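Each residue of the sequence shown is one higher than the one before, starting from 0 at the first, in numbering that gives the first Met the number 0. We put the CB at the ideal spot given by N, CA and C, even for glycine. As the structure is a prediction and not an experimental result, all values here were calculated from the model.
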Amino acid sequence: MITYTRIALADPERGGKHYSITSEGRIEKSSIPYINAGHAYVETADDMADFTTVLNDKLQPGQDVLIYGVPVRDVAEEGIAIRAANKMNGTDAIQRSNEDFRWPNGATIFAMDYDPRDGHDVLTRDALWEQLSGTFPALSGVDVVWGASSSSHIFNGDEEVVGLKGQRLYFAAADGTDIERAATVMLKRMWLAGHGYIMISGSGGQLIRATTDPCMYQASRLDFAAGAVCNNGLVQKRPDAFLINKGSALIDTRVAFPDLTSEEEVRYAELIKKAKADTAKEAQAIRETWADAQIRKEVIHDNPDADDIDALCAQKEKRKRDLIRVATGESVPLGLDHLLWLSDGRTVSVREVVTNRHLFNEVKCRDPLEPDYRGGSITGMIYGAGHRLVSHAHGLKKIYKLADARAELIEASLERVAEAKGPISDVVDEYSTAALLKVHLQRSPPLVENLIAPHLTYLVGDPKAGKSFLAMQIANAISKGETIFGCEVPEKRRALYFAVENGYEETVDRIQNMGLDGDVVWRFKGKNFEQEPDSVEELLVMLTDEVTKDASIGVIFLDTLRFMAGPPPKVDGGNAQDRDYAQLKPIQSWCQKAGVGVVALAHTNKAQDGRGGLRTQIASTAGSNLIMGTAESILTLSRHVDKDTMANLNHGLIQRTGRSFKDDTALDVTFEGSNTSFVMTSEHEKAALKVMQKARTNSCRQAIVKELLNESEGVPRDELRERVMGELRVSRQAFHKAVQDMIAGKALKERDGRVFL
């Protein structure tokens, strides 16, 4: 049995080649070579004679399409839905892609496509078969089907207005998994037999071609074998497909198309090199003409009312050089002015795409270099999020980078910030000592004295340390102008908080439990914030939009930096903060120019041996990786850890350092579970904590200390001893030792036989 796949189209309703005739009698041809939606069925033919019946009688033009690979998934008799990548909508459908289709392990159809070469005589059916069977003698021993292409033999009444165009030859390969190798060998052997040539594309590309198209051999390739869709009285009268040769049912492609020897490979490479050299001047001339035409389109698009288009085009010499480099295959991005023709008929520039990438993700388009290829066929897909465009024109998969407009966007957006917020500072024209002595500095005040710098603050800590709780408290305090942890807020400012990592429900629950009531605007993904930036440049453009719309915003919290600035760059041997450095540097520059503070939250690396308690993080964060040279202040939040359970204790430390901090001593804080907030640790709690830290790593000792802290206020020592010993089942000696340690550490005191905190 010979296996293949049939697609029943749903969207578009009718695909493939379309012919119509105008009132003036002009024949118009168009093509719809894609699938948005349909249903895939895995079908079989007994032999090639049976497959001939399929071609002649069982396919409807414009409605049925063949694929000679099969879906990777198992497909039931009722088939499986197939959708375009941008039409999946959460369905369980497959896509027409090489990821979702494969060549079958058994027998399948090997299709050979012949399109007449420009400027050369069209091969007749017999001449085509003679050439192929002469080059590959093994074909003479198997069943081979001949058929006219889907665009051939179009009639207007009795008049043939389109004759024989392309031709197809089909045979059955015994093992479909060898088709791609065999097709590559066939192309090379046709060159060795003198049937290869260089085809120059519309943009001057030098494409390696032979009598049969080398682009038919992807497992997901479409074959609109049913014929053309004819309109306005036109009809198609193709001769029936038939067996042009009879023989064995299957061909072993590994035997029929053996790999080239090393000598043959050398000869093939020499033929290609010579053919490209012979066509180089012609290709370059076509590139020049193509580049001039492309520039003219771009200039007209950008200057539709200009009087002297030719003069504007003449100023684009650098653009022309870049276009020619793209056309020759160099890895040069498509320029910002490069025009793209979308499947919906719109024409947009690369600049429009990269500045609105979320609107142009998985959007279909024509080939970016040759939009008129095959009558404007849709061969490309724009992946805005990935800054690239993939086109399959000429049967080749080509990936084009899109130029980056974000740098110029940031500069332009900062001008908008200046308009909205006013100038940031006076301009200094002279920088001599005498001149600088007269300068009146307009120093930006900190957002929180000795805690949050005027521009960029980097807030880091271990996972689950409570960074978000701390940041939310600080945002609330800044927005109300309230002192926090003994640090004053010089000026009340509105805060903008991106709560991306914790999300809507978790953050709202925290806001309510913490009793926050400040002037803070919150952003939640899926609520009022749809698209996460995939780079720091996109982040800065987005922040610019925010402060332009609301000039009262004075500080922005990014919770966390990793969710808001795209994936960090890879740094060999670096820690988390090394990778953040490249993202923080442009943020600091933006803050200074925009006059807006940013607090960027980030996770520190976990210790290799697990979370080992309170750590001094300032040095590792700021020292070796230049973070301190970028961020104006760094806060690190650490929590004491239970030595037995390794769980966070309520007590922790905020270490702080800043360029203009007058006080950078660490802040002892306690996380109060009742209102899920941090407060300054009292002297009594500090003393008790020291006792616990000095205690032996012994669950008995720690349990006694905790019990004494909870139950010892004014209780007689003997009564307290009996209760603790009974509940904890500890010895008298352990109890008295714990009490003495706590009294020595000033966590407890004893008066008249009673114990007090």
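Q. Distance, Cα to Cα, residue 6 vs residue 16?
A. Residue 6 and residue 16: Cα-Cα distance of roughly 16 Å.
**Q.** Candidates 80, 103, 105, of which the one nearest residue 94 by Cα
**A.** Selected option, being the one with the closest Cα: 80.
Q | Spatially closest choice to residue 473 from 598, 398, 671, 357, by CA coordinates | A | 598
**Q.** Beta carbon of residue 445 nearer than 8 Å to that of residue 452
**A.** yes
Q: Determine, using beta carbons only, whether residue 741 and residue 707 come nearer to each other than 8 Å.
A: yes
Q.
To the nearest angstrom, how far is the alpha carbon of residue 761 from that of residue 202?
A. No information on residue 761 is available, as it lies outside the stretch 0 to 756 that the chain covers here.
Q. Nearest to residue 678 by alpha carbon, out of 664, 653, 658?
A. Ranking 664, 653, 658 by Cα distance to residue 678 puts 653 first.
Q | Buried versus exposed call for residue 223 [16 or more other C-beta atoms within 10 Å across all chains shown] | A | buried
Q) So what's residue 300 in DSSP terms, helix, strand or just coil? A) helix
Q: Express the C-alpha separation of residue 41 and residue 172 in angstroms, rounding to a whole number.
A: Each residue's Cα considered, the two are about 17 Å apart.
(Q) Quick check: the Cα distance between residue 113 and residue 347, rounded to an integer number of angstroms? (A) Cα to Cα, the separation comes out at about 35 Å.
Q) Are the beta-carbon atoms of residue 169 and residue 0 separated by less than 8 Å? A) no
Q) For residue 162, which residues from the same chain have a beta carbon less than 8 Å from its beta carbon, with the 5 sequence-adjacent residues on both sides left out? A) 151, 152
(Q) Quick test of the definition: if touching needs 3 or more C-beta pairs under 8 Å, does the stretch 227-237 touch the stretch 299-315? (A) no
Q | Bridge-paired residues (DSSP) for residue 521 | A | 496
Q: Answer yes or no: the CB of residue 98 versus the heavy atoms of the ligand NAP, is any distance below 7 Å?
A: Among the components of this structure there are no ligands whatsoever, and the ligand NAP is therefore not found.
Q.
Can you list, in chain order, the residues of its chain with a C-beta nearer than 8 Å to that of residue 482? Leave out the 5 residues immediately preceding and following it.
A. 476, 488
Q) Would you report the Cα separation of residue 608 and residue 256, rounded to the nearest angstrom? A) For residue 608, the predicted model reports a pLDDT of 38, less than 50, meaning its position is unreliable; a value from the coordinates is still stated below. About 59 Å.
Q: Grab me the residues of residue 535's own chain with a C-beta within less than 6 Å of its C-beta, minus the 5 sequence neighbours each way, in chain order.
A: 564, 582, 585
(Q) If I measure Cβ to Cβ from residue 357 and keep anything under 8 Å in the same chain, skipping five residues before and after, which residues do I get? (A) 383, 384, 529, 530
**Q.** Buried or exposed by the 16-neighbour rule on C-beta atoms within 10 Å, applied to residue 136
**A.** exposed
**Q.** DSSP three-state assignment for residue 529, whether helix, strand or coil
**A.** coil
Q. In terms of residues, what are the limits of the beta strand (DSSP E) holding residue 596?
A. Run containing residue 596: 596-602, per the beta strand (DSSP E) assignment.
**Q.** Beta-carbon contacts of residue 250 that lie in its chain and below 8 Å, excluding the five residues immediately before and after
**A.** 109, 137, 138, 140, 141, 170, 171, 172, 173
Q. For residue 486, which residues from the same chain have a beta carbon less than 7 Å from its beta carbon, with the 5 sequence-adjacent residues on both sides left out?
A. Only 447, 448, 449, 450 meet the Cβ criterion.
Q) Anyone know if the C-beta pair for residue 519 and residue 551 falls short of 8 Å? A) no
Q. Straight-line CA distance for residue 340 to residue 54?
A. Taking the Cα positions, residue 340 is about 34 Å away from residue 54.
Q) If you draw a straight line from the alpha carbon of residue 562 to that of residue 524, how long is it in whole angstroms? A) Each residue's alpha carbon lies about 11 Å from the other.
Q. Between which two residues does the beta strand (DSSP E) harbouring residue 360 extend?
A. Its beta strand (DSSP E) spans residues 360-365.
Q.
What residue range does the alpha helix (DSSP H) around residue 511 cover?
A. 502-513
Q.
Considering Cα atoms alone, identify which of 166, 468, 705, 60 is closest to residue 767.
A. No answer is possible for residue 767: the residues shown for the chain start at 0 and end at 756.
Q | Chain-order list of residues whose beta-carbon lies under 7 Å from that of residue 191 (same chain, five-residue window excluded) | A | 263, 266, 267
Q | Span separating the alpha-carbon of residue 695 from that of residue 493 | A | With a pLDDT of only 44 at residue 695, under 50, the local geometry of the prediction cannot be trusted, and the value read off the model is given with reservation. Distance between the alpha carbons of residue 695 and residue 493 is about 48 Å.
Q) Residues bridged to residue 166 by DSSP? A) 113, 147
Q.
Determine whether the beta carbon atoms of residue 39 and residue 10 lie at a separation below 8 Å.
A. Remark: C-beta atoms of residue 39 and residue 10 do not approach each other more closely than 8 Å.
Q. Quick one: what does DSSP say residue 155 is sitting in, helix, strand or coil?
A. strand
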